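One structure below.
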Amino acid sequence: MSQIDDVIAKVKTVDKNQPEFIEAVTEVLTSLKPTEEKHPEFVKEKIYERIVEPDRIIMFRVVWEDDNHEVQVNRGYRVQFNNAIGPYKGGLRFHPSVNLSIVKFLGFEQIFKNSLTTLPMGGGKGGSDFNPKGKSDREVMRFSYAFMRELFRHIGPDTDVPAGDIGVGAREIGFLYGYYKKIKNEHTGVLTGKGLEYGGSLIRPEATGYGVVYFTSEMLATKGMDLKGKVVAVSGAGNVAQYAIEKAIQLGAKVISVSDSNGAVIDEEGIDAKKLAYIMNLKNVKRGRIREYPTEYPHAKYYEGKSVWDVIRDEGLKVDIVLPCATQNEIHADHAEAFAKSKVIAVVEGANMPSTLDAIHIYKDSGIMFGPAKAANAGGVAVSGLEMSQNSMRLSWTREEVDSKLREIMQKIHKASLEAAAAYGAPGDLLVGANIAGFLKVAKAMLAYGVI
Ligand code: NDP
Ligand code: 2IT
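Residue numbers for the sequence shown, in the working numbering: 5 to 456.
What follows is the structure, encoded as structure tokens:
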């Protein structure tokens, strides 16, 4: 048995109540097996066993008062997973489903993703089971203040730099940063995703979605294809989905779907710039639901209680490119079977771990190209890294400069993943390549520090 098998078995025992974390560890470590033979030093120094154990986990009570002056209690988390190559870096998620398993899986993935960006960032993640839906702006503000009232003592521009994720966007970052600044009396780059007026970077809002589409273009180019005329299915309607749609349209694709946690919209005529502006206003300003889309565009169909992937499966829709941009484990084996039937060319992950392990096996068996999350959606944290650089320099780059750096980073990630895949006996496999390329840098840094 390889040491990796032992480590996976150990995680399944000691973290048995953490299914998402076990899923992520199984996926990553299994693909790292070719590194055991080439690097006996990793085995000897137990790097695989060390890397699945977070440096530390902070869990805390968040108490706040709602608009009716009722006391509300939530749980806050920050997992500081690994800072071998830079300060802990990763988003905060505010969603009722947030628990230790989810923040650990996200923090673990973040280690390798951040390494792939080529920038000096370690891996971390945090959040709370707070549900921002239906809350007033003042309630979100009071919650965010209460959350930062504890978190502030654990983070810092050279220690741990949080950002947004599901349920944490520009509004929440404003409140979190404002409170940190107030109590620390410091104006530093301690959070990314900040507003432009107070230290944010141009292109950060767009970065994850644009990066996913740049990565898709790189993948298609290896087969002599591009996005022009391709039918693209996107899930989600949040930050990542919105800008993935924008860039896909700009590159000539026809995007036919959008969704939220209540249901999916299929617009077979294609979402154009005007319809996207409607979606952005609906989600970001009105904080409305996607079921309202057909009231504005009656030719579109809304499927209550279904995901985009359910609709593709049930209606046999023809799609070329699949971009999951909502949440983890949204694509199951039966969806992947439907993609194979529909002759999908590529699945490229905007969300973190949206494909189950079974779905990934089906992509592989049926020749569907696969762009794994930690490579494909790394554009967001990459531009967060660029925001940190600009904050440290006390200078800011233009839109064009940041966008061209983002594009270059996505190209480099694609190339490094392909090269690692080839070097470790899995040519063309971006999942194996991304995991190995991300891992090697972190593992070598951990070795350099000795037994610590
Ligand atoms: P947002 O909160 O902006 O949007 C999330 C979208 O996904 C919403 O449309 C939401 O619907 C939907 N969604 C969330 N949870 C579920 C669920 N359980 N079932 C179905 N739909 C759901 O988040 P982001 O766009 O920022 O994040 C989307 C994904 O991308 C996440 O996996 C995140 O980790 C990942 N990601 C984000 C990055 C970033 O920079 N923001 C960077 C890299 C990855 P509803 O409105 O109903 O909640
Ligand atoms: O999953 C992710 O990479 C993010 N949510 C972005 C993290 C960041 O620090 O910008």
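Every residue, glycine too, gets a C-beta built ideally from N, C-alpha and C.
Nothing here was measured: the structure is a model prediction, and the numbers come from that model.
Problem - Inter-residue spacing [alpha-carbon to alpha-carbon] between residue 128 and residue 183 - result: 21 Å
Exercise for the section: Taking all protein chains shown into account, decide if residue 146 is buried (16 or more other Cβ within 10 angstroms of its Cβ) or exposed. Expected result: Burial of residue 146 is indicated by the presence of at least 16 other C-beta atoms within 10 angstroms of its C-beta.
Problem - Residues bridged to residue 127 (per DSSP) - result: 86
Practice task
Would you kindly report the start and end of the unbroken alpha helix (DSSP H) that includes residue 405?
Solution key: 403-427
Practice task
Just tell me which of 421, 411, 305, 339 has its CA closest to the CA of residue 221.
Solution key: 411
Exercise for the section: Label residue 39 either buried or exposed according to how many other C-beta atoms from any shown protein chain fall within 10 Å of its C-beta, with 16 as the threshold for buried. Expected result: buried
Problem - Inter-residue Cα distance where the pair is residue 271 and residue 414 - result: 29 Å
Practice task
Return helix, strand or coil for residue 286, following the three-state DSSP convention.
Solution key: helix
Exercise for the section: List the endpoints of the continuous alpha helix (DSSP H) containing residue 151. Expected result: 141-155
Practice task
Would you kindly check if the distance between the Cβ of residue 438 and the Cβ of residue 378 is under 8 Å?
Solution key: yes
Handout entry: residue 442 beta carbon less than 8 Å from that of residue 116
Key = yes
Handout entry: Residue range of the unbroken alpha helix (DSSP H) whose run includes residue 350
Key = Boundaries around residue 350 are those of the beta strand (DSSP E), 350-352, since no alpha helix (DSSP H) includes it.
Exercise for the section: Tell me where the alpha helix (DSSP H) around residue 23 begins and ends. Expected result: 23-35
Practice task
Compute the minimum distance between the beta carbon of residue 285 and the heavy atoms of the ligand NDP, and state whether it is under 7 Å.
Solution key: For residue 285, the CB stays at least 7 Å from every heavy atom of the ligand NDP.
Handout entry: Close Cβ partners of residue 2 (< 6 Å) along its chain, the five nearest in sequence each way excluded
Key = The question about residue 2 has no answer here: the residues shown for the chain are numbered 5 through 456.
Exercise for the section: Identify the continuous beta strand (DSSP E) that holds residue 264 and give its terminal residues. Expected result: 261-264
Problem - Proximity winner among 108, 217, 226, 189, relative to residue 245 (alpha-carbon distances) - result: If we check each option's Cα against that of residue 245, 217 comes out closest.
Practice task
Identify the continuous alpha helix (DSSP H) that holds residue 95 and give its terminal residues.
Solution key: Run containing residue 95: none in the alpha helix (DSSP H); it sits in the beta strand (DSSP E), 92-98.
Practice task
Out of 339, 180, 29, state which residue places its alpha-carbon closest to the alpha-carbon of residue 108.
Solution key: 29
Practice task
Kindly examine the ligand NDP and report whether one of its heavy atoms sits closer than 7 Å to the Cβ of residue 351.
Solution key: no
Practice task
Within its chain, find whatever has a CB closer than 7 Å to the CB of residue 303; leave out the 5 residues flanking it on each side and keep chain order.
Solution key: 273
Exercise for the section: Less than 8 Å between the CB atoms is what I'm expecting for residue 323 and residue 348, so what's the real figure, rounded? Expected result: Separation of the CB atoms of residue 323 and residue 348 is rounded to 6 Å, and the pair is thereby assigned contact status at 8 Å.
Handout entry: Sub-8 Å separation of residue 193 and residue 397 beta-carbons
Key = no
Practice task
Classify residue 69 as helix, strand or coil using the three-state DSSP reduction.
Solution key: strand
Problem - Of the listed residues 199, 283, 130, 371, nearest to residue 62 (C-alpha basis) - result: 130
Exercise for the section: Count the C-beta pairs between the stretch 322-337 and the stretch 287-305 that are closer than 8 Å, then say yes if the count reaches three, no if not. Expected result: no
Practice task
Using 7 Å as the cut-off, classify the Cβ of residue 244 as near or not near the heavy atoms of the ligand NDP, replying yes or no.
Solution key: yes
Exercise for the section: Return helix, strand or coil for residue 308, following the three-state DSSP convention. Expected result: Residue 308 falls in the strand class under three-state DSSP.
Problem - Delimiting residues of the alpha helix (DSSP H) encompassing residue 392 - result: For residue 392, the uninterrupted alpha helix (DSSP H) segment begins and ends at 383-397.
Problem - Counted within 10 angstroms of its Cβ, other Cβ atoms place residue 394 as buried (16 or more) or exposed - result: buried
Problem - Residue closest to residue 404, alpha-carbon to alpha-carbon, out of 110, 388, 207 - result: 207
Exercise for the section: Identify, in the order they occur along the chain, each residue of the same chain with its Cβ nearer than 7 Å to the Cβ of residue 367, setting aside the five sequence neighbours on each side. Expected result: 340, 351, 374
Practice task
Please indicate yes or no: does the CB of residue 117 lie closer than 7 Å to some heavy atom of the ligand 2IT?
Solution key: yes
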